[in-house]
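Chemist: Pasting in a structure now, in structure tokens, and then I'll have a few things to ask.
Given below as structure tokens:
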């Protein structure tokens with residue numbers, strides 16, 4: 001009689017699935033299409049030159065905002081080597097460039113973690129398949145990862161600011177993520193954008209995880225497998 005996957009296998013598979021899925025979806029939502037969909041509509045106010053206390057307020061249209069986002073997105077995800085630059089007066093401060101360099105470092109680390117998670121998932125899947133319990137592992141780990149992300153998403157929905165701040169304090173302990181109200185980086189990426197991205201990534205992951213769990217459950221039922 002076959003026994004189901006061990007608890008450690010389910011837990012490890014759930015974590016690996018969550019890491020890979022969330023990183024992949026975050027990268028997907030870093031594109032221009034997501035910015036157009038999620039970011040507030042209309043123009044934004046930039047202060048140029050950014051490093052001058054006498055900077056003048058300048059209206060920046062949505063097309064220019066999208067160009068800046070495309071440049072920053074390509075930089076932090078590793079598609080380009082350098083950040084977007086100005087031909088004229090500086091749009092972003094030195095501290096903002098330093099912070100985005102740190103964001104790039106975190107993104108590249110997350111990409112490595114996603115690859116490790118994918119390899120781990122593959123190894124666990126092969127191990128479970130050799131014992132004939134792959135559908136059981138897929139069902140249990142997908143449900144566990146969906147539950148974990150649902151818990152975090154529910155907290156974020158009602159307490160986004162403290163969670164967002166704690167996230168930055170952990171990943172950027174040097175504290176260079178705090179900018180004033182005249183920050184052009186904040187104008188480009190307001191809180192509404194991060195709230196929208198976070199919830200959409202979480203909800204998409206939960207939907208995918210539940211779909212995987214349902215498919216695995218149907219497979220378990222069809223094969224008449226035991227859940228023990």
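Numbering (the working numbering), first residue to last: 1 to 228. C-beta: ideal position from N, C-alpha, C; glycine also. Bear in mind the structure is a predicted one, so any value in this text is a computation, not a measurement.
Do residue 32 and residue 6 come within 8 Å of each other at the CB atom, strictly closer than that value?
Modeler: Here residue 6 corresponds to residue number 6 of the chain shown, with the count starting at 1. Here residue 32 corresponds to residue number 32 of the chain shown, with the count starting at 1. No, these two residues do not count as a Cβ contact at 8 Å.
Chemist: Who are the Cβ neighbours of residue 228 in its own chain at under 7 Å, not counting the five residues just before and after it?
Modeler: Locating residue 228 in the chain shown gives position 228, where the first residue counts as 1. For residue 228, the predicted model reports a pLDDT of 43, less than 50, meaning its position is unreliable; a value from the coordinates is still stated below. 3 and 4.
Chemist: Ignore the nearest five residues each way along the sequence and tell me which others in residue 91's own chain have a CB closer than 7 Å to its CB.
Modeler: Taking the chain shown and counting its residues from 1, one reaches residue 91 at position 91. Once the five neighbours on either side are set aside, the close Cβ partners of residue 91 are 46, 48, 50 and 184.
Chemist: I'd like to check one pair, residue 19 with residue 113: are the Cβ atoms closer than 8 Å?
Modeler: Counted from its first residue, the chain shown places residue 113 at position 113. Counted from its first residue, the chain shown places residue 19 at position 19. Yes, the Cβ-Cβ distance between residue 113 and residue 19 is below 8 Å.
Chemist: What's the call for residue 17, buried or exposed, on a 16-neighbour Cβ count within 10 Å?
Modeler: Here residue 17 is taken as the residue at index 17 of the chain shown, counted from 1. Its Cβ being crowded by 16 or more others within 10 Å, residue 17 is buried.
Chemist: Any idea which residues DSSP pairs residue 207 with across the strands?
Modeler: By one-based count along the chain shown, residue 207 stands at place 207. According to DSSP, which records beta bridges pairwise, residue 207 is partnered with nothing at all.
Chemist: Please go through the same chain and pick out, in chain order, the residues whose beta-carbon is closer than 6 Å to the beta-carbon of residue 156, but skip the five residues on each side of it.
Modeler: Taking the first residue of the chain shown as position 1, residue 156 is located at position 156. 163 and 198.
Chemist: Please name the residue in 134, 153, 187 and 150 whose C-alpha comes closest to that of residue 13.
Modeler: By 1-based counting over the chain shown, the position of residue 13 is 13. For the residues 134, 153, 187 and 150, the minimum Cα distance to residue 13 belongs to 134.
Chemist: Please report the distance separating the alpha-carbon of residue 186 from that of residue 39.
Modeler: Position 186 of the chain shown, counted from the first residue, corresponds to residue 186. Position 39 of the chain shown, counted from the first residue, corresponds to residue 39. Rounded to the nearest angstrom, the two C-alpha atoms are 12 Å apart.
Chemist: Among residues of its own chain, excluding the 5 on either side of residue 128, which ones have a beta-carbon nearer than 6 Å to its beta-carbon?
Modeler: For the purposes of this step, residue 128 is taken as the residue at position 128 of the chain shown. So the qualifying residues of the chain are 5, 134 and 137.
Chemist: Relative to the alpha-carbon of residue 94, which residue among 209, 222, 224 and 179 has its alpha-carbon at the smallest distance?
Modeler: Counted from its first residue, the chain shown places residue 94 at position 94. Selected option, being the one with the closest Cα: 179.
Chemist: For the beta strand (DSSP E) containing residue 80, name the first residue and the last one.
Modeler: Position 80 of the chain shown, counted from the start, is the residue given in the question as residue 80. Where residue 80 is concerned, there is no enclosing beta strand (DSSP E), given that its DSSP letter is neither H nor E.
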